[in-house]
């Protein structure tokens, strides 16, 4: 067996362990009985440990060192080189950090998450502060071990959005912030509530919502032979190669389930579009978190919340839900695209969402550049909310304590949500130019062209190309927030008479 | 850390891996989408391999060798000695067999099971024969590596019913066979169909069956905080320490679901009764397959199919299922205890069940003692069916091809089903003597006394005692089929006016 084949074998073994871990996690969030959490945590810790040991073993190191030699590289084709590059990256990120530090991070995270839950419940920032301080300190230490391009924060950005840096994100976010903030201010100043009373005071049968959601996912191209749709408090998608599962949640008082469904289906179509030849292969996965989010946001916002999709779906909704009898397509479309200031990121609309992210990115960068102390984050948060959205949360549970990410030590993750929206806009712009009559196909309920285009151009390449390279290949240029702004102006101009 | 603590640590690690494997298997049989079988098989194979390597590692060997030294044993208490004994047994059974042979068995089993499925479908014994021959040959080879008390078959009996041997089983089965066969013959000769038309031509709402089953499991003491009840084509129970899951199946045309439910609940109560301090401990599991089956059969037959339980449950059944309006408790009780000759083991009643097992045991022993050739099994099967039950299957799918076990190489497994029935009778006899008014408590729907008695006397001891020792401790004597016969005579005498 050649050294390269050895690498592929290790990659497959790792994927088998990871897939098992994913199933344990899926089960934990769907069907696991409450009293089983202790055993489940132990099983997950065990498999994680096995995964870590295999990835960072001396055997893996030898193979990776060997394959990175000039003589070995000279004999490889493009795919092989990319495979070695990605496995080397996975290996390095783990191998360079001492085992002791990895164990400490795991312990600190467990404590910090538990403290965060309590702090949020009690709206008590001080309770969480020492844990935030510890997490920042640890993550700065880790960054030194991993290494970075310009500054420590880059080491963490690289985990979620390989190839990106703080500077690169800043250069994209800066113009975006100004544009979004002024658009939001203009919209809010109008004090308009476009659309009709579609949900107010009404009930929407949950079983019917489930049925409709099941049908929509199928229509969009989700393959139930290799997946299933279940319920979860926080909807998520779990990609396990030939088994890609969606979850969704249902609220009797509105039809938000339709949009969480199109969102998760977007994630799932990406996973189901990965080439089956590459299951277990180093390249057989998503490019980055931002690219994954671009797929979910595209199917949620560019498809699901579009006029054309509502044209297609509204008659069916009115058939299923009698309380929509007196509503119109147009009234429904405008209602589900209302823009409102909110404290809570996960409730934010398309216009304000990236401002919520920009705020978090500003703070993370400030912490890592030693320009902000952890104890200042609450005040900085409030000031930035005031600056970007003209509202100030009085309760830290609606402000600095609202997200789980920092308690879990996931610095560098937030930006990928915003990048997802930006990629989505830029990619969809290209798709519209390359697919004849895309909008009218969507209005007819035909999603094949878009799905196949995404599959051919993105999904099937796994992570052969880095995000920056893929964006260039796809759209002919680097990432630019202007497509996001253009999309919002085009869409919300008519809704809000801007 | 002491060597004994090292042993406990390995035991916990193994259990964490095993629990993950169990969840993968549970999911495969409940919720996994059809198209996910390939990835699932690979993940299971990977975790099995990791389990095997850890159990048979040189590190484990060193610890086990060390703990089996006289000096080490001298310092241990009873529990520690038992823990070392059981871990040593688990280790030896794996360590002694060469890896190559284990791999070959796995491959042969995969092929044989697939061939068996096709052969059964086509009722073609010749299609399966070469695989049966290969399995017997391999299992004889394995027996030589593992070692045995008197004869090769013992090596396999020991896997499922530690401490038992072919001879010991023979000495219990021989008198049992005669008694059962003459009881069955007498019953059949009466050509009686006791009870009423309870199911014939009726429908029983499946959702209501599910509701009733859920309630019954709860009444028997099944803990839903550490478990759940789902559907599966072949009902099974999965014990994962603090997470013990039952499955059941429902048929609109009868209420068999009630008895598969009490059966699986019996298994689950055993698993939920294991001491939580011993999760992951070498002793923290069931004594043997026969003992596990004794719990399921006790709750299914001694409780579920008893007059007292039917007294308790029938009013509720009549409330839920209008089609029982014209039936009586007594008619229902007799109907669910009808004795009929059948070709199929899994459809057999309490009286004939152990004869189906005796037949399989006879054949397995014949094969391993070189008294029967694989090619003769079909004919021997037919002759024995004629001898024991006075019926002869014309279709091998109803005869020698009906069970999956031989294709999976599970020789030595069948006897444990019969041992389960024998243990159940003998243990229940003791329980009745030790628990005041057990029958009337059951009639009142109070199962606490029985469950607690089983928990204290069996479940809480894990596998500290071997089956033979446990039987002696519990009932004051060795295993004896007479309790099974007595139970059947007492129960079926009145039903069939014997």
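Residue numbers (the working numbering), protein chains in the order written: chain A, 937 to 1434; chain B, 937 to 1434. All residues carry an ideal CB built from backbone N, CA and C; glycine is no exception.
- Assign residue 1071 of chain B to one of two classes, buried (16 or more other C-beta atoms within 10 Å of its C-beta) or exposed (fewer than that). buried
- Query: Could one say the Cβ of residue 974 of chain A lies closer than 8 Å to chain B's Cβ atoms, at least one of them?
  - Reply: yes
- Taking all protein chains shown into account, decide if residue 1218 of chain B is buried (16 or more other Cβ within 10 angstroms of its Cβ) or exposed. Under this definition residue 1218 of chain B is a buried residue.
- Query: For residue 1176 of chain B, which residues of its own chain have a beta-carbon under 6 Å away from its beta-carbon, when the five flanking residues on both sides are left out?
  - Reply: 955 and 958
- Report the residue from B:1178, B:1157 and B:1270 whose alpha carbon sits nearest the alpha carbon of residue 1129 of chain B. B:1270
- Task: Name, please, each residue of chain B whose Cβ falls closer than 7 Å to the Cβ of residue 1339 of chain A.
- Result: The contacting residues do not exist; residue 1339 of chain A stays about 30 Å from chain B at best.
- State yes or no: is the beta carbon of residue 1207 of chain A nearer than 8 Å to at least one beta carbon in chain B? With respect to chain B, the C-beta atom of residue 1207 of chain A has no partner C-beta closer than 8 Å.
- Members of the region 1158 to 1169 of chain A near chain B, C-beta cut-off 9 Å: Within the region 1158 to 1169 of chain A, the qualifying residues are 1159, 1160, 1161, 1162, 1163, 1164 and 1166.
- When we look at the beta-carbon of residue 1151 of chain A and count the other beta-carbons within 10 Å, is it buried (16 or more) or exposed? exposed
- So residue 1023 of chain A is in the alpha helix (DSSP H); what residue range does that whole segment cover? 1014 to 1031
- Task: Please report the residue range of the beta strand (DSSP E) in which residue 1174 of chain A lies.
- Result: 1173 to 1175
- Shorter than 8 Å from the beta carbon of residue 956 of chain B to some beta carbon of chain A? yes
- Count the C-beta pairs between the region 1115 to 1128 of chain B and the region 1322 to 1335 of chain B that are closer than 8 Å, then say yes if the count reaches three, no if not. Contact holds: three or more Cβ-Cβ distances are below 8 Å.
- Pull up the distance between the alpha-carbon of residue 1052 of chain B and that of residue 1040 of chain B, whole angstroms please. Each residue's CA atom was taken as its position, placing residue 1052 of chain B and residue 1040 of chain B some 18 Å apart.
- Query: Can you tell me whether DSSP reads residue 1004 of chain B as helix, strand or coil?
  - Reply: Correct three-state label for residue 1004 of chain B: coil.
- Task: Would you identify the three-state DSSP class for residue 1307 of chain A, choosing helix, strand or coil?
- Result: coil
- Item | Bounding residues of the beta strand (DSSP E) (the contiguous stretch that carries residue 1108 of chain A) | It is not in any beta strand (DSSP E) - residue 1108 of chain A instead sits in the alpha helix (DSSP H) that spans 1102 to 1126.
- Query: With DSSP run on the structure shown, which of helix, strand or coil describes residue 1188 of chain A?
  - Reply: Note: residue 1188 of chain A maps to coil in three-state DSSP.
- Taking residue 1171 of chain A as the query, report the chain B residues whose CB atoms sit under 9 Å from its CB, ordered along the chain. Neighbours of residue 1171 of chain A on chain B: none; closest Cβ ~17 Å, over 9 Å.
- Query: Name the chain B residues that come within less than 7 Å of residue 971 of chain A, Cβ to Cβ?
  - Reply: 1161, 1162 and 1178
- Message: For the ligand COA, I want to know if residue 1209 of chain A counts as a neighbour, meaning its beta carbon is within less than 7 Å of at least one of the ligand's heavy atoms.
- Response: In the structure on display, the ligand COA does not appear, and there are no ligands present to speak of.
- Should the region 961 to 980 of chain B be regarded as contacting the region 939 to 947 of chain B, the criterion being three or more beta carbon pairs within less than 8 Å? no
- Closest residue to residue 1100 of chain B among B:1244, B:1355 and B:964 (Cα-Cα distance): B:1355
- With 16 other CB atoms within 10 Å as the buried threshold, where does residue 973 of chain A fall? Classification of residue 973 of chain A: exposed, given that the 10 Å Cβ count is below 16.
- Message: Here's the rule I'm using: 16 or more other beta-carbon atoms within 10 Å means buried, otherwise exposed. How should residue 1434 of chain B be labelled?
- Response: exposed
- Message: Let's see if you can read the secondary structure: which residues bound the beta strand (DSSP E) around residue 1129 of chain A?
- Response: Residue 1129 of chain A -> no beta strand (DSSP E), and no H or E assigned at all.
- Residue(s) in a DSSP beta bridge with residue 1165 of chain B: B:1182
- Message: Quick check: the region 1140 to 1158 of chain A against the region 1360 to 1378 of chain A, are at least 3 beta-carbon pairs closer than 8 Å?
- Response: no
- Item | Which listed residue (B:1013, B:1026, B:1414 and B:1302) has its alpha carbon closest to that of residue 1348 of chain B | B:1302
- Message: At 4 residues or longer, what runs of the alpha helix (DSSP H) sit wholly inside the region 1194 to 1276 of chain B?
- Response: 1225 to 1233, 1243 to 1256 and 1265 to 1271
- Report the three-state DSSP secondary structure of residue 1346 of chain A (helix, strand or coil). coil
- By a C-beta neighbour count over all protein chains shown, 10 Å radius and 16 as the cutoff for buried, is residue 1163 of chain A buried or exposed? buried
- Anyone know if the C-beta pair for residue 1206 of chain B and residue 1397 of chain B falls short of 8 Å? For the pair residue 1206 of chain B and residue 1397 of chain B, the CB atoms are not nearer than the 8 Å cut-off.
- Cβ pair count under 8 Å reaching 3, the region 1338 to 1345 of chain B against the region 1068 to 1088 of chain B: yes
- Query: With a cut-off of 8 Å, does the C-beta of residue 978 of chain A fall near any C-beta of chain B?
  - Reply: Output row for residue 978 of chain A: interface = yes.
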